[in-house]
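Note that the protein sequences, when read in sequence, are chains G and X.
Residues in the first sequence are numbered from 1379 upward in steps of one, following the working numbering.
Residues in the second sequence are numbered from 31 upward in steps of one, following the working numbering.
Just so you know, even glycine gets a beta-carbon here, dropped at the ideal spot from N, CA and C.
For reference, the structure is listed below as C-alpha cells.
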Amino acid sequence: MGEWIRFGLIALCVVTAMTGFTAAVIGANRFGFVMNRMHAAGIGDTLGIFGILLALMLKEGVGMVTAKMAVIIIFLWFTSPASSHFLSQIEYFTNPHLFRYTDRDLTVRSSMPAAGSGEGEANSEIEAVHSGNPGNNAAGYSSAKNKAPELSQTEKNRKEEKA
Amino acid sequence: MSVESAYTLLFEGALLWMGLLLLIMLIRAIIGPRVTDRILAINMIGTMVSSCICILAVVLEESYLIDMALLYSMISFVTVLILASTYIAKTPSRGRFASEVAEEVGQEKKWLKAYQEESGKEMP
C-alpha cells in the first residue's frame, strides 16, 4: 500500500510537470511576440524540469543520482533567467520596430521636445506614434503590414519639427 | 498490475507526450518569424530533451545518463550566450536602441534627397 502512495505522489509530480511543459508549448505557439513567448518558456524551464526531476528523485531515493538531479535543477533555475536576459538583449538591439509592441516609449530621446514646451498637438502626435497606438494594440501584435507607413509618418513629423 | 509496470507505463506515457511537444516546438523553431523566436524554441527543446534523458536514465537504470543531461543543459545555455554575443556584435546599431538608429538613417536619407532635389548636385 505504501508503494502505491509513493507511486501516486510521483504520478502527481509527473502530471504537474507535463502540465507545465504543455503550458509552455501552448504559450510559445499562441503568443505573437518573442517577449511574451519568453515568459511562457520560463514556465517550462522551472515548473516542468522541477516536477520531472522531483518525481525521479522520489523514485530513486537517497543517493548519488538524486544529488546529480538536484544539481541539474539548480543549474537550470540559475541559467533560465540568464538566457531569457540574453534573448531580450538580442531582441532589443536588433529589432528596429520594437517600440510598436510596447505601451510606453522605451528610451529618452534628445530630439524629443521637452514636456510643457508648447505645441501640444505635435507632442501628442509623436507620443501617439511612439506608443504603438494603445487603442488598437492587439492589431499591432500580429500584423506586420502597417509598419512602414507609420515609420514614414514619424520621419515626416521629425522633419517638420526641424524645419 | 504491479507497481513496476505502473511506473513503466507512467514514464513511457510522459516520454511519448514530451515527444509530441518536441515536435510542436520544432515546428515553431522552423516558422519563427525572427531569430529570437528560433533561439527560444531551441532553448526549450534543450530543456525538454534533458528532462527526457533523465527519465531514460531512471527507466533504463543507467546512471551515467544523468551526467549527459547536465552536459546537455550546460551546452544549451552556452549556445544562447554565444549566439547573443555574436548577434549583438554583428548588428549595425552595435549596442544602441535599434529603432532609434533606423529613424536616424531614414532621416538622413530624406535630408539627402531634399538637398539633391534643391541643388541638383550630388552630396559629397
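is_contact[residue i, chain G] using C-beta, thresh 9 Å
| i | result |
| --- | --- |
| Ser149 of chain X | no |
| Leu90 of chain X | no |
| Ile105 of chain X | no |
| Ile60 of chain X | no |
| Thr38 of chain X | no |
| Val79 of chain X | no |
| Phe41 of chain X | yes |
Below-9 Å beta-carbon distance, residue i vs any chain X residue
| i | result |
| --- | --- |
| Gly1426 of chain G | yes |
| Leu1387 of chain G | no |
| Val1440 of chain G | no |
| Val1392 of chain G | yes |
| Tyr1519 of chain G | Confidence at Tyr1519 of chain G is low in this model, with a pLDDT of 42, below 50, so its placement is unreliable and no value can be given for it. |
| Pro1512 of chain G | Only weak support is given to the placement of Pro1512 of chain G: the predicted model assigns it a pLDDT of 42, under 50, and the question is left unresolved by the model. |
Chain-ordered neighbours of residue i on chain X, where CB pairs are closer than 7 Å
| i | result |
| --- | --- |
| Met1396 of chain G | Ala44, Trp47 |
| Ala1402 of chain G | Met74 |
Supposed close pair residue i, residue j - CB separation, criterion 8 Å
| i | j | result |
| --- | --- | --- |
| Ala87 of chain X | Ser81 of chain X | About 11 Å separates the two Cβ atoms, so there is no contact after all. |
| Ser1466 of chain G | Met1396 of chain G | In fact, because the Cβ distance is near 27 Å, the residues do not count as touching under 8 Å. |
| Asn1407 of chain G | Ile54 of chain X | 7 Å |
| Glu1381 of chain G | Val33 of chain X | 5 Å |
| Ile1421 of chain G | Gly1398 of chain G | 5 Å |
| Leu111 of chain X | Phe1464 of chain G | 6 Å |
| Met78 of chain X | Met48 of chain X | 6 Å |
| Ser35 of chain X | Ile1450 of chain G | In fact, because the Cβ distance is near 27 Å, the residues do not count as touching under 8 Å. |
Proximal chain X residues relative to residue i, where beta-carbon distance stays under 8 Å
| i | result |
| --- | --- |
| Met1447 of chain G | Cys84, Ile96 |
| Ile1468 of chain G | Val65, Thr66, Ile69, Leu113, Ala114, Tyr117, Ile118 |
Per-residue contacts from residue i into chain B (C-beta, under 7 Å)
| i | result |
| --- | --- |
| Val110 of chain X | Note that chain B does not occur in the displayed structure, where the protein chains are G and X. |
Under 9 Å from the C-beta of residue i: neighbouring residues of chain X
| i | result |
| --- | --- |
| Ile1452 of chain G | Correct list: empty, because the minimum Cβ distance to chain X is about 10 Å. |
| Trp1382 of chain G | Val33, Ala36 |
Chain G residues whose Cβ lies nearer than 8 Å to that of residue i
| i | result |
| --- | --- |
| Met55 of chain X | Val1403, Ala1406 |
Residue i: contacting residues in chain G (beta-carbon distance under 7 Å)
| i | result |
| --- | --- |
| Leu51 of chain X | Phe1399, Thr1400, Val1403 |
Listed by chain order, chain G residues near residue i by CB distance under 9 Å
| i | result |
| --- | --- |
| Leu101 of chain X | Result: empty, since nearest Cβ-Cβ is about 10 Å, beyond 9 Å. |
Closer than 8 Å: residue i CB and nearest the ligand FAD heavy atom
| i | result |
| --- | --- |
| Ile1468 of chain G | In terms of ligand content, the structure shown is empty, and the ligand FAD therefore cannot be addressed. |
Checklist entry - What beta strand (DSSP E) runs, 3 residues minimum, are completely inside the segment 1414-1442 of chain G? => result none
Checklist entry - Taking a cut of 8 Å between CB atoms, which residues from the segment 1413-1438 of chain G lie near chain X? => result Arg1415, Met1416, Ala1419, Gly1422, Asp1423, Gly1426, Ile1427, Ile1430, Leu1431, Leu1434, Lys1437, Glu1438
Checklist entry - Which ranges does the alpha helix (DSSP H) cover as unbroken runs of at least 4 residues, wholly within the segment 43-106 of chain X, from first to last along the chain? => result 65-89
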